[in-house]
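What follows is one structure encoded as structure tokens, with my remarks underneath.
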Amino acid sequence: MNQPFGFSASDDDGRDDDRDRNPGGSGGAGGPGGPGGFDPSQFGNLGQMLSQFGQMLGSMGSAMSGPGSSGPVNYQLARTVALQALGRTPVITDSSRTAVQESVRLAELWLDDTTLFPSGVHRTEAWTPQQWVEQSLPTWEKICTPVAEQMNSATKGAMPEEARQLAGPLLGMLDQMGGMGFGMQLGQGLGKLAPAVLFSSEVGIPFGDDGVAALSPAAIDAFADELELPRQEVVVFLAAREAAHLRLFSGAPWLRARFLATVDEYARGIRVDTSGLDDLASGLDPSMLQDPAKLQELLSGGAGAIGPKVTNVNEAALGRL
């Protein structure tokens, strides 16, 4: 049986016979690419993997130093992670674009007769999941930044004064690492959410430019299949919801600002309590670390204490959100 890279499973006697037949000393390897020999094509996939790995490192490096890489959340990293998770961009056909435009137009005619708000739609677009990520990031930045800032501030505030003094310049590095951590989590979340988003305002507020009604044909197709309903009926229904949301936010321009202000209010109430860690450390017996059973019991029994507890004093703001 041939082994990887041309190695043979034969015994020493077999290798002696090979040497007798091949004075050149190449053993059982044979010629390049020959039977039982070294096959360069086996490294083809390895080269491709290394190339892809290099591209990934390059994009990650750009995310670490490009615009949006500083601050409490590394939004450039979030964008990179989300787009890499989505992979290949689906093609939106002309018929899908036309279906979206006609559905929004029909929904607008119905809303004209049933609502008091005037139309808030100035342009209609069909988005891929990748476009949703790109278009929604500015709004996510407004939502996530105050929360991340308060988390960082609360975490530093919970550190003992001696620890802050010892950390010194390292606090700046911790801020950068925290921004990368938040960016990674946001990117992973957006990468999972984007393929399922049906229209731009589905999450709660419009994520596109003002006056843009945007629907995602790929997600709508999957949604219609899941419901076992005609696609056109589903598109019109979702277009009506999108157009209605845009009318609401256009007719009440203070609503978006109020939403973001409530997010900021909620963020200011974040508190980080590390007392559980202190209690755990004070009651820790060093001998327990040498006993796997006791260590497992410690970790499982104190699961709520392994790590800081994050609470919020502004639960009313969360209720409004």
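So my numbering is basically just the index in the sequence shown, starting at one, shifted up by 906. Note that the Cβ used here is the ideal one computed from N, Cα and C, for glycine as well. Remember, predicted model here, so these are calculated numbers, not experimental data.
By the neighbour-count criterion, in which 16 or more other beta carbons inside 10 Å mark a residue as buried, W1038 falls on the buried side. In this structure, the alpha-carbon of L1227 lies about 27 Å from that of V1141. Pairing P996 with A1124 gives a Cβ-Cβ distance under 8 Å. Setting aside the 5 residues that flank it on each side, Q1138 is surrounded in the same chain by A1005, S1009, each with a C-beta closer than 8 Å to its C-beta; the list follows chain order. I1126 carries a helical assignment under DSSP once its states are collapsed to helix, strand and coil. Distance from the CA atom of P1136 to the CA atom of L1104, rounded to whole angstroms, is 16 Å.
Excluding residues up to 5 positions away in sequence, P978, V979, F1088 lie with their Cβ nearer than 7 Å to the Cβ of A1054 in the same chain. According to the DSSP assignment, L1161 belongs to the alpha helix (DSSP H) that extends over 1160-1174. In the pairwise beta carbon analysis, the region 1013-1027 is classified as not touching the region 984-999: fewer than three pairs are separated by under 8 Å. Within its own chain, the residues whose Cβ lies closer than 8 Å to the Cβ of T1051, once the five positions on either side in sequence are excluded, are G977, P978, V979, listed in chain order. Counting only runs of 4 or more residues that sit fully inside the region 1017-1072, the alpha helix (DSSP H) segments are 1035-1064, in chain order. With fewer than 16 neighbouring CB atoms inside 10 Å of its own CB, A1102 falls in the exposed class.
A straight line joining the alpha-carbon of E1134 with that of Q1056 spans about 45 Å. The C-beta distance from G1157 to A1223 rounds to 24 Å, too long to fall under 8 Å, and the pair is not in contact. Non-local C-beta neighbours of S1002 in its own chain, meaning closer than 7 Å and more than five positions away in sequence, comprise A1032, P1123, ordered along the chain.
Cβ contact annotation for G1093 (same chain, cutoff 6 Å, sequence separation greater than five): A984, V987, A988, in chain order. Burial check for H1028: the Cβ neighbour count within 10 Å stays below 16, so the residue is exposed. Taking all protein chains shown into account, W1160 has fewer than 16 neighbouring C-beta atoms within 10 Å of its C-beta and is therefore exposed.
Taking 8 Å as the cut-off, the beta carbon of P1044 is found no closer than this to the beta carbon of L992.
Between the alpha carbons of F1155 and T999 lies a gap of roughly 30 Å. The continuous stretches of alpha helix (DSSP H) do not include V1118, which lies in the beta strand (DSSP E) extending over residues 1118-1121. Taking 8 Å as the upper bound for CB-CB distance, G1026 and R1153 are in contact here, some 5 Å apart. Ranked by Cα distance from T1217, the first of L1166, S1042, R1177, G1063 is R1177.
For T986, the enclosing alpha helix (DSSP H) covers residues 981-992. When the beta-carbon positions are compared, Q1041 and G1095 stay at least 8 Å from each other.
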